[in-house]
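Q:
Numbering (this note's numbering), first residue to last: 498 to 565.
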């Protein structure tokens with residue numbers, strides 16, 4: 498009888514643990530959605546092979562670089 502109760506308790510604890518693990522990503526997604534609304538909209542443009550001499554604003558008169 499004692500072994501039966503211990504097995505039932507173990508099954509319950511395993512089921513409860515799995516339920517908590519399954520619910521954790523849902524909570525994380527909810528928190529992430531809240532934080533996304535507060536994040537600023539920033540776009541970072543990175544040019545790989547551009548030097549200072551290829552930008553109109555830095556002295557190159559031949560190339561008209563656009564304003565973003």
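Note that the Cβ used here is the ideal one computed from N, Cα and C, for glycine as well.
#1: Is there at least one non-hydrogen atom of the ligand GDP closer than 8 Å to the beta-carbon of residue 502?
#2: For residue 541, does the three-state DSSP call read helix, strand or coil?
#3: Round the Cβ separation of residue 553 and residue 542 to the nearest angstrom and send it over; I've been treating them as touching at under 8 Å.
#4: Just the Cα atoms here: how many angstroms apart are residue 545 and residue 551?
#5: Whole angstroms are fine: how far does the CA of residue 520 sit from the CA of residue 502?
#6: Quick check on residue 582: does DSSP put it in helix, strand or coil?
A: With the given structure in hand:
#1: The model depicted lacks the ligand GDP and carries no ligand whatsoever.
#2: When secondary structure is reduced to three states using DSSP, residue 541 falls in the coil class, being assigned neither helix nor strand.
#3: Going by Cβ atoms, the distance from residue 553 to residue 542 rounds to 16 Å, so no, they are not a contact pair.
#4: 12 Å
#5: Between residue 502 and residue 520, the alpha-carbon positions lie close to 27 Å from each other.
#6: Residue 582 lies beyond the residue range present for the chain, which begins at 498 and ends at 565; the question has no answer from this structure.
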